[in-house]
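*Asks:* Letter by letter, the sequence shown follows residues 1 to 392 in this note's numbering.
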Amino acid sequence: MLQGTASNVGKSLLVAALCRIFKQDGVRVAPFKAQNMALNSFVTRDGFEMGRAQVVQAQAAGLEPLIEMNPILLKPEADSRSQVVVMGKPRARLHSRALGVVPYLRDLKIAEEDSVALENITHHPSRPNAIDIAVIRLPHISNFDDFDPLALEPGARVRYVQSLDELGEPHAIILPGSKSTLADLHWLNARGLAAALRAHAHRGVAVVGICGGYQMLGRVIRDPDRVESAHEVSEGLGLLEVETIFLAEKTTHQVRARALATRGFFGAVRDEIGGYEIHMGKTIGAEPALQITRRGDREANDADGAVDATGKIFGTYLHGIFDNANFRDAFLASLRGAQFATKQSPDSDWGLLRPDGARNDMRDIREREYYRLAAHVRKYVDIAQIRRIVDL
Numbered sequence: 001m002l003q004g005t006a007s008n009v010g011k012s013l014l015v016a017a018l019c020r021i022f023k024q025d026g027v028r029v030a031p032f033k034a035q036n037m038a039l040n041s042f043v044t045r046d047g048f049e050m051g052r053a054q055v056v057q058a059q060a061a062g063l064e065p066l067i068e069m070n071p072i073l074l075k076p077e078a079d080s081r082s083q084v085v086v087m088g089k090p091r092a093r094l095h096s097r098a099l100g101v102v103p104y105l106r107d108l109k110i111a112e113e114d115s116v117a118l119e120n121i122t123h124h125p126s127r128p129n130a131i132d133i134a135v136i137r138l139p140h141i142s143n144f145d146d147f148d149p150l151a152l153e154p155g156a157r158v159r160y161v162q163s164l165d166e167l168g169e170p171h172a173i174i175l176p177g178s179k180s181t182l183a184d185l186h187w188l189n190a191r192g193l194a195a196a197l198r199a200h201a202h203r204g205v206a207v208v209g210i211c212g213g214y215q216m217l218g219r220v221i222r223d224p225d226r227v228e229s230a231h232e233v234s235e236g237l238g239l240l241e242v243e244t245i246f247l248a249e250k251t252t253h254q255v256r257a258r259a260l261a262t263r264g265f266f267g268a269v270r271d272e273i274g275g276y277e278i279h280m281g282k283t284i285g286a287e288p289a290l291q292i293t294r295r296g297d298r299e300a301n302d303a304d305g306a307v308d309a310t311g312k313i314f315g316t317y318l319h320g321i322f323d324n325a326n327f328r329d330a331f332l333a334s335l336r337g338a339q340f341a342t343k344q345s346p347d348s349d350w351g352l353l354r355p356d357g358a359r360n361d362m363r364d365i366r367e368r369e370y371y372r373l374a375a376h377v378r379k380y381v382d383i384a385q386i387r388r389i390v391d392l
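#1: Any idea what DSSP makes of Asp349, helix, strand or coil?
#2: What residue from Ala300, Ile278, Ala268 has the CA that sits closest to Ala259's CA?
#3: Helix, strand or coil for Val269? Go by DSSP, reduced to three states.
#4: Can you list, in chain order, the residues of its chain whose CB lies under 8 Å from that of Arg52, leaving out five sequence neighbours each side?
#5: For the candidate residues Thr251, Gly264, Ile221, Lys312, whose alpha-carbon lies nearest to that of Asp184?
#6: Note down, in chain order, each residue of its chain lying with its Cβ closer than 7 Å to the Cβ of Val377, except the 5 sequence neighbours on either side.
#7: So, at 8 Å on beta carbons, what are the nonlocal neighbours of Tyr276 in its own chain, with the 5 sequence-adjacent residues on each side left out?
#8: Have a look at Val395 and Ala134 and give me their C-alpha separation to the nearest angstrom.
#9: Roughly how many whole angstroms lie between the Cα atoms of Arg372 and Ile389?
#10: In the region 46–110, which residue ranges form an unbroken alpha helix (DSSP H) of at least 4 residues, counting only runs that do not cross its ends?
#11: Under the three-state reduction of DSSP, which class applies to Asn189: helix, strand or coil?
#12: Does the region 206–220 come within contact of the region 229–249, defined as at least 3 CB pairs closer than 8 Å?
#13: Is the beta carbon of Leu197 closer than 8 Å to that of Leu237?
#14: Within 10 angstroms of the Cβ of Glu153, are there 16 or more other Cβ atoms? Answer buried if so, exposed if not.
#15: Asn70: buried (16+ other C-beta within 10 angstroms of its C-beta) or exposed?
#16: In angstroms, rounded to a whole number, what distance separates the CA positions of Phe138 and Thr44?
#17: Closest to Glu287 by CA distance: which of Glu299, Ala261, Gly47, Ala333 is it?
#18: Pull up the DSSP beta-bridge partners for Phe42, would you.
#19: Kindly provide the ranges of any beta strand (DSSP E) runs that are 3 or more residues long and lie completely inside the region 2–34, ordered along the chain.
#20: In three-state DSSP terms, what is Ser163?
#21: Within this structure, are the beta carbons of Ile174 and Ile210 separated by less than 8 Å?
#22: By a C-beta neighbour count over all protein chains shown, 10 Å radius and 16 as the cutoff for buried, is Lys343 buried or exposed?
#23: Can you check which of these residues, Leu335, Asp364, Arg363, is closest to Asn129 by C-alpha distance?
Written out as structure tokens, the structure is:
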């Protein structure tokens, strides 16, 4: 039995490969999947409908596809309904007591659990002259929800890119957090993206590094305890005059901070900002961009981040920094210049403005979406029965 934890991760393809391998080795095998859910189906010689995956596997095994290889096929017809095909023929609907069937809720603005969601990510429809922001989709990308607030801005377009062709000519490039900074830095070099980042930066394109991305922007990354690599010293992108030293102990804090730098858009960041740190290492060497004023429940007076001489390249350890409306506005305004405006066009179906015209914090947006999610589930699920089950 081959098992997996998600769809479209290669289970069916691996079975097909094994079927062909065993056929080549003179072993007669046949595929079997008791229940499959798919709309891509096939009709056997006998006129029975079965899942396409088992057909591919049967062909790889050198066999005629038979309905016994996939006796139950579920074919979704709508968000809350599915046709049940049993032994190749549609079966009358079966009924059993359930607490509810929750239809798919589209366009929910709540952080995703893992980067698999990036495969199907949809962005806010682009407006004419939208700010184009390219986020490098690193192999070990982490905390990619850092950029949800930018993607929700009607005047911005956020793209996740992995190649030179996809990178194009954006107004800003972001290097996100990484669970394996040195491996992802090697990947950037191997793909030619490191050279492209330098070239874009030298032409005046804004470049941002968050956490691991910030570490990559520096001159050098030192790993004396071999935390990530067998190499004690690795060369960074050289876009910021800093160097990073990896440490064995992880730093994890919620923080408050204020802007120290005045170059670039930092001079327009007036209010205190919030975020959180998750990193292993410290970065030193340049004039800091931010001053950490609080870590958890304790006051602090620590430096964070760096900005280059042009004010267009900066890095920080703070995740969630774009959740802060004042920081986000200043960053986007620097990309658009004097023409940047926060007002929505009348046909916008989503935005970061409250009815009173004030800017929404991401906390407001998430609260709105949690209410939306709860209302949706209440509509389709027997909450009263759930309360009885848990004795509330």
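The beta-carbon is built from N, C-alpha and C at its ideal position, and this holds for glycine as well.
*Replies:* Based on what the coordinates show:
#1: Only weak support is given to the placement of Asp349: the predicted model assigns it a pLDDT of 36, under 50, and the value that follows is read from those uncertain coordinates. The answer is coil: DSSP assigns Asp349 none of H, G, I, E or B.
#2: Ala268
#3: coil
#4: Ala38, Asn40, Ser41, Phe42
#5: Ile221
#6: Val102
#7: Thr252, His253, Gln254, Val255, Leu318, His319, Gly320
#8: Since the first residue shown for the chain is 1 and the last is 392, residue 395 is missing from the structure and cannot be characterised.
#9: 24 Å
#10: 52–60
#11: helix
#12: yes
#13: yes
#14: buried
#15: buried
#16: Note on identity: in this sequence residue 138 is Leu, with Phe being the wrong assignment. The straight-line gap from Cα to Cα measures roughly 43 Å.
#17: Ala261
#18: Met50
#19: none
#20: coil
#21: yes
#22: Residue confidence is low: Lys343 scores 37 on pLDDT, short of 50, so the model does not pin down where it sits. Its coordinate-derived value is still stated next. Classification for Lys343: exposed.
#23: Leu335
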